[in-house]
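See below for the structure under consideration.
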Amino acid sequence: MACLWAARLWELPNIESVLLLLRSQSAVADLQKAGGIRLRRGKTEILAPVQGHFIPSVDAPISHLLVCTKAQDAEEAIASVAHLFTADTNIVLLQNGIKMQQKVSKHYDKQKVYALSTSQGAYLQAPFEVVHAGFGQSYLGVLSPSLGDKPAQAERLMQSFPVQEMNIQWDANITARLWIKFAINCAINGLTVIYNCRNGELLQHPERLATLRTLCDEIQHILNHTPASPALDNLYTQVETVLLATADNVSSTLQDARKGQTTEFTQFNPYLCELAQNYHLTAPANERLIHQFSATLARMAD
Ligand code: KPL
């Protein structure tokens, strides 16, 4: 995602500079060797000569920080450059989940914190060679509780983003969108790992379907008792719509699990169980899922 966004931002005529903030010197060297980011979409290919910096060596103030790490790494990544923030810094979070987003928007109350929720699909075919594979929809909106939704500020921020190329719409209630996406990820992502299947295959077997329905009912029940969450009505129908629309996709969690990489799962059902506990609710279906998920990962690692 970082490569896709960096290349798309570099294409904008009004953007002064785009820097990739990298966590190792060797990544900086690899980017230099590649001459920038190669971005392919269909038959079109561009080379965006974006520069990379090793995080500890960055010393200029940051005007816009687009955070592209996994959800569980975002807080540490932001903290590593927080000394470069000013009161005008815009922090834009691109992660799944809702837990980290709530913490960051409260913690960085002197900056402006936004979230971007996107279904744009991309994958790396080599380091710094990205394919923009699925053209989806992106939503951008304010997370900072004190900022409110000011049209002028939205307009200004949208001008710094590749609105057309990434199909971005302003969302006056991005927090509600993140909660709903969180509920959908809680329903889908863990199960695709347990059954080792594409999204659409969750609908094709009676046992999977029954598990999915029970899980959806429990997630909806917990979120309807969580004051920060919007009220959910028939989560299963929304999940079914997403599963049909992304039937051939391998969920992000299953992709990570298959590569032996850390997944974002801790941000989904384990956080939902924390919420259940906070509101004195039981969560047997989610607890079972967490248990089966860990057992499946352990088997995959053997
Ligand atoms: O967001 C997704 C993910 O894979 O993380 C879903 C909605 C499950 C689509 O694949």
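Remember, this note's numbering sits 4 above the position in the sequence shown when you count from 1. Positions of the beta carbon are idealized from the N, C-alpha and C atoms, including for glycine. Just so you know, these numbers come straight off a predicted model, no measurement behind them.
**Request:** Confirm the yes/no value for this check: CB of K263, any heavy atom of the ligand KPL, distance under 8 Å.
**Result:** Sequence index remark: in the sequence shown, residue 263 carries index 259 (1-based). No, since every heavy atom of the ligand KPL falls outside the 8 Å radius drawn around the Cβ of K263.
**Request:** Return yes when the C-beta of I198 is under 8 Å from any heavy atom of the ligand KPL, and no when it is not.
**Result:** Against the sequence shown, residue 198 aligns to sequence position 194. Because no heavy atom of the ligand KPL lies under 8 Å away, the Cβ of I198 does not count as near it: no.
**Asked** Around the C-beta of S142, are 16 or more other C-beta atoms found within 10 angstroms, so that it is buried, or is it exposed?
**Response** Translated into the one-based positions of the sequence shown, residue 142 becomes position 138. If you draw a 10 Å sphere on the C-beta of S142, you find 16 or more other C-beta atoms in it, and that means buried.
**Request:** Could you name each continuous alpha helix (DSSP H) segment of 4 residues or more that falls completely within the region 148-189, going from the start of the chain to the end?
**Result:** Those alpha helix (DSSP H) runs which fall completely within the region 148-189 and span 4+ residues are 155-163.
**Prompt:** Beta carbon of I19, beta carbon of S123: below 9 Å?
**Reply:** As a first step, residue 19 must be located in the sequence shown, where it is residue number 15. As a first step, residue 123 must be located in the sequence shown, where it is residue number 119. No; because the gap between Cβ atoms is not below 9 Å, this pair is not in contact.
**Asked** Mind checking whether R181 and S121 have CB atoms under 9 Å apart?
**Response** On the sequence shown, position 177 is the one that residue 181 refers to. On the sequence shown, position 117 is the one that residue 121 refers to. Contact check for R181 against S121 passes: the beta carbons are separated by less than 9 Å.
**Request:** With DSSP as the reference, label G194 as helix, strand or coil.
**Result:** Stepping through the sequence shown from its first residue, residue 194 is reached at position 190. If DSSP states are grouped into helix, strand and coil, G194 belongs with the helices.
**G56, buried or exposed, once every other Cβ within 10 Å from all chains shown has been counted against 16** = The residue you call residue 56 lines up with position 52 of the sequence shown. By the 10 Å Cβ count, G56 comes out buried.
**Span of the beta strand (DSSP E), counted from its first residue to its last, around R202** = As a working note, residue 202 is residue 198 in the sequence shown. No beta strand (DSSP E) holds R202; DSSP gives it neither H nor E.
**Prompt:** Relative to the ligand KPL, is the shortest distance from any of its heavy atoms to the C-beta of K185 smaller than 8 Å?
**Reply:** The residue given as residue 185 occupies position 181 in the sequence shown. Yes, Cβ of K185 sits closer than 8 Å to a heavy atom of the ligand KPL.
**Request:** Within the same chain, show all residues whose beta-carbon is closer than 6 Å to that of T1, passing over the 5 residues directly before and after it, in chain order.
**Result:** Any answer about residue 1 is impossible in this case: the structure gives the chain only from 5 up to 306.
**Request:** For K114, write down the residues that DSSP places opposite it in a beta bridge.
**Result:** Residue numbering aside, residue 114 sits at position 110 when the sequence shown is read from its first letter. Looking at the DSSP assignment, K114 forms no beta bridge with any residue, so it has no partner.
**Asked** Would the beta-carbon of L98 fall within 9 Å of that of V85?
**Response** The residue labelled residue 98 in the question sits at position 94 within the sequence shown. The residue labelled residue 85 in the question sits at position 81 within the sequence shown. With contacts defined by Cβ atoms closer than 9 Å, L98 and V85 do not form a contacting pair.
**Message:** Given this structure, state the Cα-to-Cα distance separating A83 from P60, to the nearest angstrom.
**Reply:** Start at 1 with the first residue of the sequence shown, and residue 83 comes out as number 79. Start at 1 with the first residue of the sequence shown, and residue 60 comes out as number 56. Taking the straight line joining both Cα atoms gives about 12 Å.
**Message:** Please report the straight-line C-alpha distance between R262 and M304, rounded to a whole angstrom.
**Reply:** In the sequence shown, the residue the question calls residue 262 occupies position 258. In the sequence shown, the residue the question calls residue 304 occupies position 300. R262 and M304: Cα-Cα distance of roughly 8 Å.
**Request:** Report the three-state DSSP secondary structure of Q99 (helix, strand or coil).
**Result:** Counting from one through the sequence shown, the residue named residue 99 turns up at place 95. Of the three classes helix, strand and coil, the one that applies to Q99 here is coil, per DSSP.
**I294 versus C201 - alpha carbon distance** = For the purposes of this step, residue 294 is taken as the residue at position 290 of the sequence shown. For the purposes of this step, residue 201 is taken as the residue at position 197 of the sequence shown. Computed Cα separation, rounded: 17 Å.
**Asked** Between which two residues does the alpha helix (DSSP H) containing L276 stretch?
**Response** Within the sequence shown, numbered from 1, the residue matching residue 276 stands at position 272. Taken as a continuous stretch (DSSP letters only), the alpha helix (DSSP H) holding L276 covers N273 to N282.
**Item:** V108 and E79 closer than 9 Å at C-beta
**Value:** As a first step, residue 108 must be located in the sequence shown, where it is residue number 104. As a first step, residue 79 must be located in the sequence shown, where it is residue number 75. Cβ atoms of V108 and E79: closer than 9 Å.
**Asked** What residue from N253, E278 and F269 has the CA that sits closest to T300's CA?
**Response** In the sequence shown, residue 300 corresponds to position 296, counting from 1. For T300, the nearest C-alpha among the options comes from F269.
**Asked** Helix or strand or just coil, what does DSSP make of S298?
**Response** The sequence position of residue 298 within the sequence shown is 294, counting from 1. Correct three-state label for S298: helix.
**Asked** Would a C-beta distance cut-off of 9 Å place F186 and L276 closer than the cut-off?
**Response** If you number the sequence shown from 1, residue 186 lands on position 182. If you number the sequence shown from 1, residue 276 lands on position 272. F186 places its beta carbon less than 9 Å from that of L276.
**Message:** Judging by CA-CA distance, which residue of R292, S30, V146 and G40 is the nearest neighbour of L8?
**Reply:** Start at 1 with the first residue of the sequence shown, and residue 8 comes out as number 4. Nearest of R292, S30, V146 and G40 to L8, Cα basis: G40.
**Asked** What distance in whole Å lies between the Cβ atoms of A287 and E222, which are believed to be in contact at a cut-off of 8 Å?
**Response** As a first step, residue 222 must be located in the sequence shown, where it is residue number 218. As a first step, residue 287 must be located in the sequence shown, where it is residue number 283. Contact flag correct, Cβ pair sits at about 6 Å.
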